[in-house]
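Novice:
Protein chains: 2
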Amino acid sequence: MLIGELSDKTGLSKDTIRYYEKEGLVQSGARKENQYRNFSEKAIHTIHFIKNLKELGFTLPEIKDFIHLFHNEETSCQMVQKRLEDHIVNINSKMSLLESIRTKVANAIHLCKENPIAKSCQTLEKLWD
Amino acid sequence: MLIGELSDKTGLSKDTIRYYEKEGLVQSGARKENQYRNFSEKAIHTIHFIKNLKELGFTLPEIKDFIHLFHNEETSCQMVQKRLEDHIVNINSKMSLLESIRTKVANAIHLCKENPIAKSCQTLEKLWD
DNA sequence: CTTGACCTTAAAGTATACTCCAATGTATAT
DNA sequence: ATATACATTGGAGTATACTTTAAGGTCAAG
Numbered sequence: 001m002l003i004g005e006l007s008d009k010t011g012l013s014k015d016t017i018r019y020y021e022k023e024g025l026v027q028s029g030a031r032k033e034n035q036y037r038n039f040s041e042k043a044i045h046t047i048h049f050i051k052n053l054k055e056l057g058f059t060l061p062e063i064k065d066f067i068h069l070f071h072n073e074e075t076s077c078q079m080v081q082k083r084l085e086d087h088i089v090n091i092n093s094k095m096s097l098l099e100s101i102r103t104k105v106a107n108a109i110h111l112c113k114e115n116p117i118a119k120s121c122q123t124l125e126k127l128w129d
Numbered sequence: 001m002l003i004g005e006l007s008d009k010t011g012l013s014k015d016t017i018r019y020y021e022k023e024g025l026v027q028s029g030a031r032k033e034n035q036y037r038n039f040s041e042k043a044i045h046t047i048h049f050i051k052n053l054k055e056l057g058f059t060l061p062e063i064k065d066f067i068h069l070f071h072n073e074e075t076s077c078q079m080v081q082k083r084l085e086d087h088i089v090n091i092n093s094k095m096s097l098l099e100s101i102r103t104k105v106a107n108a109i110h111l112c113k114e115n116p117i118a119k120s121c122q123t124l125e126k127l128w129d
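Chains as they are written, first to last, in my numbering: chain A, 1 to 129; chain B, 1 to 129.
1) Name the chain A residues that come within less than 8 Å of isoleucine 88 of chain B, Cβ to Cβ?
2) Which chain A residues are close to alanine 43 of chain B, counting only those with a beta carbon under 7 Å from its beta carbon?
3) Taking only three categories from DSSP, how would you classify proline 61 of chain B?
4) If you drop the 5 nearest sequence neighbours on each side, which residues of the same chain put their C-beta closer than 6 Å to that of aspartate 86 of chain A?
5) Quick check: the region 43 to 59 of chain A against the region 10 to 29 of chain A, are at least 3 beta-carbon pairs closer than 8 Å?
6) Hey, how far is the Cα of methionine 79 of chain A from the Cα of leucine 124 of chain B?
7) Give the secondary structure of glutamine 81 of chain B by DSSP, where H, G and I count as helix, E and B as strand, and everything else as coil.
8) Who are the near neighbours of lysine 14 of chain A in its chain, counting only those whose CB is closer than 6 Å to its CB and skipping five residues on each side?
9) Return the residues of the region 27 to 59 of chain B that lie within a Cβ-Cβ distance of less than 9 Å from chain A, sorted by chain order.
10) Using a Cβ cut-off of 9 Å (strictly closer), state whether leucine 98 of chain A contacts chain B.
11) Report yes if the C-beta distance between leucine 56 of chain B and isoleucine 101 of chain A is below 9 Å; otherwise report no.
12) Under the three-state reduction of DSSP, which class applies to aspartate 145 of chain B: helix, strand or coil?
13) Would you mind working out which of A:Glu73, A:Cys121, A:Asn72 sits nearest glutamate 74 of chain B, comparing C-alpha positions?
14) Evaluate threonine 147 of chain A with the Cβ neighbour count: other Cβ atoms within 10 Å of its Cβ, from every protein chain shown; 16 or more gives buried, anything less gives exposed.
15) Quick check on leucine 25 of chain A: does DSSP put it in helix, strand or coil?
16) Please list, in chain order, the chain B residues whose beta carbon lies closer than 7 Å to that of glutamate 85 of chain A.
17) Quick check on methionine 95 of chain B: does DSSP put it in helix, strand or coil?
18) Using a cut-off of 8 Å between C-beta atoms, extract the partners of lysine 22 of chain A located in chain B.
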């Protein structure tokens, strides 16, 4: 199928598909005589796979790695698990960072509420010194 | 003081200070005759203020807004509180997104652990279809 | 044979917050 | 006079995942 059809079937823009191909995430096989890309049904699955992994917060290089894993006979479930566990570690550290920020911002809001009439904002003063 | 001294006193690189000045976050006042920037003690506080707000996850344009608030007579604590509340809403939505991703990834890991011997990884298969 | 709907490429633009570079000017000590 | 340690500028580079642009080739229908 041509790129437009693949685009319609996956909801991914044609430009994005070309970009993914350039990055080695999707393959179009041999070009037609007219130089048009020629995708197989498999490309639909590949793009589906990419979308699912994007939703899990993986980057394109990481997703490329997953695609290699998927096509490699040697791949064990443990290898996949390892990637997922590394990923969850990253997610956890991002969450703790956000959590600590949230606490600080919540405290600042609390300070504002305590002195609602104050002409000068205690929160700003505190950030300044 | 010259930019190098300000850099030493704040721990911010000279390039970053110049960048902040260009963005209107810090002011150096009138140049010396030799065209060197001439910072006052206040610049130290301003940079301190910027750093504190960066730690709370604010962007430079947002921080610039806070600086304006700080220097404006009209600023009420409520105006500050409003910014903080908007910010916490953003933080919360980022956290829920991460939380939902974490759940999905944890489920995938669980699936890997359930079938540790499987030659083909159920998790990968599931992402593919 | 022209119109319109396809397709192609390379290259630049977007957003954010710097960081680095090159070329050059200035101040101070020896 | 020179070495060294400062300072200046404009502009490019970094990372990520696209999106947009410009200029042009291909194909089927009327």
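Cβ atoms here follow ideal geometry from the backbone N, Cα and C, with glycine treated the same way. All values derive from a computational prediction rather than experimental measurement.
Specialist: Put simply:
1) For the purposes of this step, residue 88 of chain B is taken as residue 88 along the second sequence, with counting starting at 1. Arg102, Val105, Ala106, Ile109, listed in chain order.
2) Here the question's residue 43 of chain B lines up with position 43 in the second sequence. Result: empty, since nearest Cβ-Cβ is about 12 Å, beyond 7 Å.
3) Translated into positions along the second sequence, residue 61 of chain B becomes position 61. Looking at proline 61 of chain B - three-state DSSP - the assignment turns out to be helix.
4) By 1-based counting over the first sequence, the position of residue 86 of chain A is 86. Hits under 6 Å: none found.
5) These segments touch.
6) By one-based count along the first sequence, residue 79 of chain A stands at place 79. By one-based count along the second sequence, residue 124 of chain B stands at place 124. In this structure, the alpha-carbon of methionine 79 of chain A lies about 11 Å from that of leucine 124 of chain B.
7) Numbered from 1 along the second sequence, position 81 holds the residue referred to as residue 81 of chain B. Three-state result, glutamine 81 of chain B: helix.
8) Against the first sequence, residue 14 of chain A aligns to sequence position 14. Contacts found: Ile3, Ser7.
9) If the cut-off is 9 Å between Cβ atoms, the region 27 to 59 of chain B has His45, Thr46, His48, Phe49, Asn52, Leu53, Glu55, Leu56, Gly57 near chain A.
10) In the first sequence, counting from the first residue as 1, residue 98 of chain A sits at position 98. So, interface residue.
11) Locating residue 56 of chain B in the second sequence gives position 56, counting from the first residue. Locating residue 101 of chain A in the first sequence gives position 101, counting from the first residue. In contact: leucine 56 of chain B and isoleucine 101 of chain A (Cβ atoms closer than 9 Å).
12) This structure cannot settle anything about residue 145 of chain B, because the visible part of chain B is limited to 1 through 129.
13) Within the second sequence, residue 74 of chain B is the residue found at index 74, counting from 1. Looking from the CA of glutamate 74 of chain B, the closest CA among A:Glu73, A:Cys121, A:Asn72 belongs to A:Cys121.
14) Shown here, chain A extends from 1 to 129; a query on residue 147 of chain A therefore has no answer.
15) Along the first sequence, read from residue 1 onward, the residue named residue 25 of chain A stands at position 25. Three-state result, leucine 25 of chain A: coil.
16) Indexing the first sequence from 1 puts residue 85 of chain A at position 85. Residues of chain B passing the Cβ test: Ile109.
17) The count along the second sequence starts at 1 and reaches residue 95 of chain B at position 95. Residue state for methionine 95 of chain B is assigned as helix, using DSSP reduced to three classes.
18) Numbered from 1 along the first sequence, position 22 holds the residue referred to as residue 22 of chain A. None at all; the shortest Cβ gap to chain B is about 22 Å.
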